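As they're listed, the protein sequences go chains A and B. With the numbering used here applied, the first sequence covers 16 to 221. With the numbering used here applied, the second sequence covers 13 to 22. Quick reminder that beta carbons are idealized off the backbone N, C-alpha and C, glycines included. Note that this is a predicted model, so its numbers are computed, not measured.
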Amino acid sequence: MNVFRLLGDISHLLAIIILLLKIWKTRSCAGISGRSQVLFAVVYTARYLDLFTSYISAYNSIMKLVFLAASYGTIYLMFIKFKASYDHNHDTFRIEFLILPCVLLSLLINHEFSPLEILWTFSIYLESVAILPQLFMVSKTGEAESITSHYLFALGSYRALYILNWIYRYYAESHYDVIAIVAGIVQTVLYCDFFYLYITKGIYGQ
Amino acid sequence: ILESFRHDEL
């Protein structure tokens, strides 16, 4: 565990908590893409099946369980509890255009053709693009509440910090994973436009 | 090595 990895995980956790709190406190999920949230639930489910097969540490298991629970909790709040506030008219990104290519790509480009490995690869590919419905929604409505912006900033920072973690691990442990690195870079690049707006708006005010 | 990376990172 290095500092970049830890900061990345904290940033990821923060993003999820910000989202849950926003929905809970305002009793509304307006401006949040349910489709992105469903994709994230698929991502965590596919990746964290290893909870059943390998134990790394308490930290590792607890974080995985928290991500899973928070993700399904968010879906429950959006699609059941505060369903009336869900802005489905603006949440129209066709997720099959993301899921199908990711399925295909994970079958073609993976480290090992085994079920768990393919699911892991699929989750990495899908995670890299899972935010697109949310970014599409923000661009469609032309604005995001500041709390939604904080959520996006924290979520985007997480993968950017993981890239620094991978650079560190490459030098410190001579270890790298091409699939994770390429997908992580794609994921971070997708946030760049948003990062730019977030920082400039943050500095220069509304 | 591959194994530990897989399951360790979130």
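With its beta carbon less than 9 Å from one in chain B, S69 of chain A belongs to the interface. Taking C-alpha positions only, M93 of chain A is separated from Y166 of chain A by approximately 16 Å. Between the segment 164 to 178 of chain A and the segment 26 to 42 of chain A there are three or more inter-stretch CB-CB distances shorter than 8 Å, so the stretches are counted as touching. Nearest CB-CB separation between Y186 of chain A and chain B: not below the 9 Å threshold. In this structure, R62 of chain A sits away from I146 of chain A, with a CB-CB distance that is not shorter than 9 Å. I47 of chain A is positioned such that its CB atom lies closer than 9 Å to that of T163 of chain A.
In terms of Cβ geometry, L205 of chain A and V118 of chain A do not form a close pair [threshold 9 Å].
In this structure the segment 37 to 52 of chain A does not lie against the segment 128 to 135 of chain A, because fewer than three pairs of beta carbons, one per stretch, are closer than 8 Å.
In this structure, DSSP gives R184 of chain A a helical state, which the three-state scheme calls helix. Taken through DSSP and simplified to helix, strand or coil, D65 of chain A comes out as helix.
Contacts between F55 of chain A and chain B, judged by CB atoms closer than 7 Å, are missing: the closest CB pair is about 13 Å apart. Taking all protein chains in view, the Cβ of F55 of chain A is crowded by 16 or more other Cβ atoms within 10 Å, so the residue is classified as buried. With a beta-carbon spacing of about 11 Å, R50 of chain A and D102 of chain A fall beyond the 8 Å limit used to define contacts.
For R42 of chain A, there is no enclosing alpha helix (DSSP H), since its DSSP letter is neither H nor E.
Residue-level contact check: Y206 of chain A does not touch chain B, since none of the beta carbons of chain B fall below 9 Å from its beta carbon. Out of A:F19, A:V201, A:G157 and A:N17, the CA that lies nearest to the CA of L141 of chain A is found in A:V201. H19 of chain B and N17 of chain A have their C-alpha atoms roughly 16 Å apart.
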